[in-house]
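Undergrad: Protein chains in written order, with my numbering: chain A, 1332 to 1440; chain B, 47 to 160.
Just so it is clear, CB atoms sit at the ideal spot from N, CA and C, and this is done for glycine as well.
Everything numeric in this text was worked out from a predicted model, so none of it was measured.
Take this structure, written in structure tokens, and hold onto it; I'll ask about it next.
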Amino acid sequence: QKEVEQDPGPLSVPEGAIVSLNCTYSNSAFQYFMWYRQYSRKGPELLMYTYSSGNKEDGRFTAQVDKSSKYISLFIRDSQPSDSATYLCASTGWGKLQFGAGTQVVVTP
Amino acid sequence: KAGVTQTPRYLIKTRGQQVTLSCSPISGHRSVSWYQQTPGQGLQFLFEYFSETQRNKGNFPGRFSGRQFSNSRSEMNVSTLELGDSALYLCATTTVGAGANVLTFGAGSRLTVL
Chain A
1332 QKEVEQDPGP
1342 LSVPEGAIVS
1352 LNCTYSNSAF
1362 QYFMWYRQYS
1372 RKGPELLMYT
1382 YSSGNKEDGR
1392 FTAQVDKSSK
1402 YISLFIRDSQ
1412 PSDSATYLCA
1422 STGWGKLQFG
1432 AGTQVVVTP
Chain B
47 KAGVTQTPRY
57 LIKTRGQQVT
67 LSCSPISGHR
77 SVSWYQQTPG
87 QGLQFLFEYF
97 SETQRNKGNF
107 PGRFSGRQFS
117 NSRSEMNVST
127 LELGDSALYL
137 CATTTVGAGA
147 NVLTFGAGSR
157 LTVL
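As structure tokens, this is what we get:
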């Protein structure tokens, strides 16, 4: 079993909708949580970075971590066609990053 | 400053051949990690190099190897290619964020094995 589980999708939403992405993790030692965005034919790029539990907001993006349930979420408000990409969650304690499989998001105009 | 550069971007090989992929990290960065990305398995860690030394290794067969040069450029080699080696191979350098390592990826080398 992978240490970080993520539904691969695809997830299709209309423009302007809220995109909700989720991951679960199994390692209680994980304290750092990240979301990467990967456009087609590109490498992943860091989108959000959080430490421990709580929320972090950056523009239209909100990352949430609930360590009690080992649940990681990313919300995208007012989604745009340019948000169409694969979103990968990642977690680590002090070792190397463990990645989820990535969720493909398609925002339709 | 320039990001992580990977060459070649696309290549096609046949079973049994070998392939060498190259990665130039961000200037001044000495850590290079390699990942294999496939639709079924997602991102899988291959190995990490720091100052020419392999620091970590993932769970891949010995056909997968790598090295790092004194200028921090890295190469990975896959020998005796199999169909299942078709994947996007990503190179990344590491930046220490607020406590954890943050990876900056290159665009990848897409390998197709026929």
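Could you compute how far the alpha carbon of Ser-120 (chain B) sits from the alpha carbon of Arg-113 (chain B)?
TA: One C-alpha to the other measures close to 6 Å.
Undergrad: What is the residue span of the beta strand (DSSP E) that Ile-58 (chain B) lies within?
TA: It spans 56 to 59 - the beta strand (DSSP E) in which Ile-58 (chain B) sits, taken as one unbroken run.
Undergrad: Please list the terminal residues of the continuous beta strand (DSSP E) segment that includes Val-1436 (chain A).
TA: First-last of the beta strand (DSSP E) with Val-1436 (chain A): 1434 to 1439.
Undergrad: Assuming Asp-1338 (chain A) is part of the beta strand (DSSP E), what are its boundary residues?
TA: From DSSP, Asp-1338 (chain A) is part of no beta strand (DSSP E); its letter is neither H nor E.
Undergrad: Give a yes or no on whether the C-beta atoms belonging to Thr-1393 (chain A) and Tyr-1418 (chain A) are separated by under 9 Å.
TA: In this structure, Tyr-1418 (chain A) does not lie closer than 9 Å to Thr-1393 (chain A) by Cβ.
Undergrad: Can you tell me the Cα-Cα spacing of Val-1438 (chain A) and Gly-1390 (chain A), whole angstroms?
TA: Approximately 18 Å, taken between the alpha carbons.
Undergrad: Please state whether the Cβ-Cβ distance between Cys-137 (chain B) and Gln-52 (chain B) is less than 9 Å.
TA: In this structure, Gln-52 (chain B) lies closer than 9 Å to Cys-137 (chain B) by Cβ.
Undergrad: Which partner residues does Ala-138 (chain B) have in the DSSP bridge list?
TA: Looking at the DSSP assignment, Ala-138 (chain B) forms a beta bridge with B:Ser-79, B:Phe-151.
Undergrad: Could you check the C-alpha separation between Glu-1334 (chain A) and Asn-1358 (chain A) for me, to the nearest Å?
TA: Straight-line Cα distance between these residues: approximately 6 Å.
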